[in-house]
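S.K.: This note's numbering numbers the first residue of the sequence shown as 230 and each following residue consecutively. Cβ atoms here follow ideal geometry from the backbone N, Cα and C, with glycine treated the same way. Keep in mind it's a predicted model, so treat the numbers as computed, not measured.
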Amino acid sequence: MSLKAAVAAAAAAAAAAGALYAYRSRKRTIVITGGCGNLGVKLATHLLSAGEVNVVLLEHPDYFDESRVPRGAKVVLGDLSDGGGAWKRAIRGADSLVHFSAVNPYPNASWEECAASMSHTFNVFLAAVESRVRRVVFASSNHVMGGYKDLPEITRITPTTPPNCGTFLLNLENQKKSGNAVAYASAKLAGEQLARALACTTDRTSFVVLRIGWCQPGENLPSTLNPAGSPLQYQNKVEGLGESKATDDSIDVNWFTSMWLSNGDFVRYFSAALRARTPPREMVLVNAMSCNSGMRWSLNETEAALGVKAQDNSRK
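(1) Touching or not, the region 413-427 and the region 328-347, by the rule of three or more beta carbon pairs under 8 Å?
(2) Determine which residues share a DSSP beta bridge with PHE436 and list them.
(3) Rank GLY269, ARG363 and MET512 by C-alpha distance to the C-alpha of ASP294 and give the top, closest one.
(4) Quick check: the region 496-516 against the region 445-454, are at least 3 beta-carbon pairs closer than 8 Å?
(5) To the nearest angstrom, how far is the alpha carbon of ARG433 from that of ALA426?
(6) Of the choices ASP308, VAL496 and ALA424, whose alpha-carbon is the least far from that of LYS278?
(7) With 16 other CB atoms within 10 Å as the buried threshold, where does PRO388 fall?
(8) Could you tell me the alpha carbon to alpha carbon distance between GLU342 and GLN464, rounded to whole angstroms?
(9) Residues in its own chain within less than 7 Å of LEU272 by CB, not counting five upstream and five downstream?
(10) Starting from the C-beta of THR431, find all residues in its chain whose C-beta is less than 7 Å away, skip the five residues before and the five after it, and write them out in chain order.
(11) Could you check what DSSP says for VAL305 in three-state terms: helix, strand or coil?
(12) Kindly indicate which residue of GLY312, LYS303 and GLY458 has the alpha-carbon position closest to the one of GLY408.
(13) Taking 8 Å as the threshold, find out whether the region 308-319 comes into contact with the region 395-403 through three or more Cβ pairs.
(14) For the 8 Å Cβ check, are there 3 or more pairs between the region 530-542 and the region 392-401?
(15) Name the DSSP bridge partner or partners of ASN283?
(16) Can you check which of these residues, ALA517, ASP494, ASN483 and ASN449, is closest to ILE441 by C-alpha distance?
(17) Considering Cα atoms alone, identify which of ASP324, PRO460 and GLU530 is closest to PHE485.
(18) Within 10 angstroms of its Cβ, does CYS429 collect 16 or more other Cβ (buried), or is it exposed?
(19) Cutting at 8 Å between CB atoms, please list the residues of its own chain near GLY510, excluding the five before and the five after it.
(20) What does DSSP give as the partner residues of SER330 in its beta bridges?
(21) Count the other CB atoms, across all protein chains shown, that sit within 10 Å of the CB of SER325; report buried if there are 16 or more and exposed otherwise.
(22) With a cut-off of 8 Å, does the C-beta of ARG506 fall near any C-beta of chain D?
(23) How many Å lie between GLY301 and HIS275 at the Cα?
(24) Report yes if the C-beta distance between ILE320 and VAL284 is below 8 Å; otherwise report no.
(25) Using a Cβ-Cβ cut-off of 7 Å (strictly less than) and excluding sequence neighbours within five positions of ALA539, which residues of its own chain qualify?
(26) If I measure Cβ to Cβ from TRP526 and keep anything under 6 Å in the same chain, skipping five residues before and after, which residues do I get?
(27) Three-state secondary structure (DSSP) at VAL515?
(28) May I have the straight-line CA-CA distance separating ILE480 from LEU399, to the nearest angstrom?
(29) Per DSSP, what kind of secondary structure is ILE480 in: helix, strand or coil?
(30) Report yes or no: do three or more beta-carbon pairs, one from the region 371-378 and one from the region 346-353, lie closer than 8 Å?
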């Protein structure tokens, strides 16, 4: 090789190394849908605290609250039910996307609301694949498995246990307030199935789905869990219940206490889901609640897939 050729080769190698270094050292962009909601704000605040990523919050104009935006986050407003909306530009160039957005993120969501939530999920997933986003993390719900509450013979609920959508409460007054989660869980299950199908079609975009437990707004203490299974401020207002026979809430209380997901475990799970290795063309599906004593939810698969262990316990 001539001196001139050697110099040219060395220069090309140096340029390639420099480009690779710049790519690896650049700040990744993570897009969070439903970014001004309970979970979106908690995760964005955690991710921004390390100063290593850019965070873009996608939020519907009707739910945007500037006071809730963590310092350093960028906000893009848009209606995710519009599959051709300008919001899709926010996804282009993103490394990862976390999908929380739902028209009503609580178990009393109506079928109409859940149909709209499904549109959000479908449009976001398709846009992520189209834009070649590396990783999509989807917040599903353990209400997809809520039917096992009243089947105590099923002692272990794993990600491969067949779905059993909805969580029916034994206290009918509480169910009127909080709903039975059938529509809500069905929308989440539809999202899971789309993620599974899309994961099989591409090597560029991988999907991690977490069936999350109950992560209450704010401080999220075990002491504020209730037998209705949803925060008081988001329960249906029911009038004229009158006097009714006292109902033993212990089964429902036990179930929701076992569903608890602490703020700390929540951000640990989602941070790990953003970086975990995934099998080629396979969706990763895991349970995501805290390590609550006596619960039937299996976290073995979660620890194996995400490499993280829950640290909190609703009963300690």
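M.R.: So, to answer that:
(1) Contact holds: three or more Cβ-Cβ distances are below 8 Å.
(2) The beta-bridge partner set that DSSP reports for PHE436 consists of VAL365.
(3) The shortest CA-to-CA distance from ASP294 to any of GLY269, ARG363 and MET512 is the one to GLY269.
(4) When C-beta atoms of the region 445-454 are compared with those of the region 496-516, fewer than three pairs fall below 8 Å, so the two segments do not count as touching.
(5) Here the alpha carbon of ARG433 sits roughly 14 Å from the alpha carbon of ALA426.
(6) Sequence inspection shows Ser at residue 278; the Lys mentioned does not correspond to that position. The shortest Cα separation from SER278 among ASP308, VAL496 and ALA424 belongs to VAL496.
(7) It counts as buried.
(8) Going by the C-alpha atoms only, they are around 15 Å apart.
(9) The beta carbon of LEU272 sits closer than 7 Å to those of ILE261, VAL327, VAL496 and PHE499, all from its chain and outside the five residues before and after it, given in chain order.
(10) Once the five neighbours on either side are set aside, the close Cβ partners of THR431 are VAL358.
(11) In the structure shown, VAL305 adopts extended strand secondary structure according to DSSP, grouped into three states.
(12) It is GLY458.
(13) Taking 8 Å as the limit for Cβ pairs, the verdict is that the region 395-403 does not touch the region 308-319.
(14) Contact between the region 530-542 and the region 392-401 is not established, with fewer than three Cβ pairs separated by less than 8 Å.
(15) Under DSSP, ASN283 shares a beta bridge with THR258.
(16) When each option's Cα is compared against that of ILE441, the closest is ALA517.
(17) Ranking ASP324, PRO460 and GLU530 by CA distance to the CA of PHE485 puts PRO460 first.
(18) CYS429 is exposed by the Cβ-count criterion.
(19) First, the amino acid is wrong: residue 510 is Arg here, not Gly. Around ARG510: ALA428, CYS429, THR430, THR431 and ASP432.
(20) SER330 pairs with nothing; no bridge assigned.
(21) SER325 is buried by the Cβ-count criterion.
(22) Judged by its chain identifiers, the structure shown contains no chain D, having just a single protein chain.
(23) Looking at the backbone, the Cα of GLY301 and that of HIS275 are separated by about 12 Å.
(24) No; because the gap between Cβ atoms is not below 8 Å, this pair is not in contact.
(25) Non-local beta-carbon contacts of ALA539 in its own chain, meaning distances under 7 Å to residues more than five positions away in sequence, involve ASP494, SER519, CYS520 and LEU528 in chain order.
(26) Closer than 6 Å at Cβ, skipping near neighbours: ILE386, ASN516 and MET518.
(27) Three-state result, VAL515: strand.
(28) For ILE480 and LEU399, the gap between their C-alpha atoms comes out near 8 Å.
(29) It is helical.
(30) Contact between the region 371-378 and the region 346-353 is not established, with fewer than three Cβ pairs separated by less than 8 Å.
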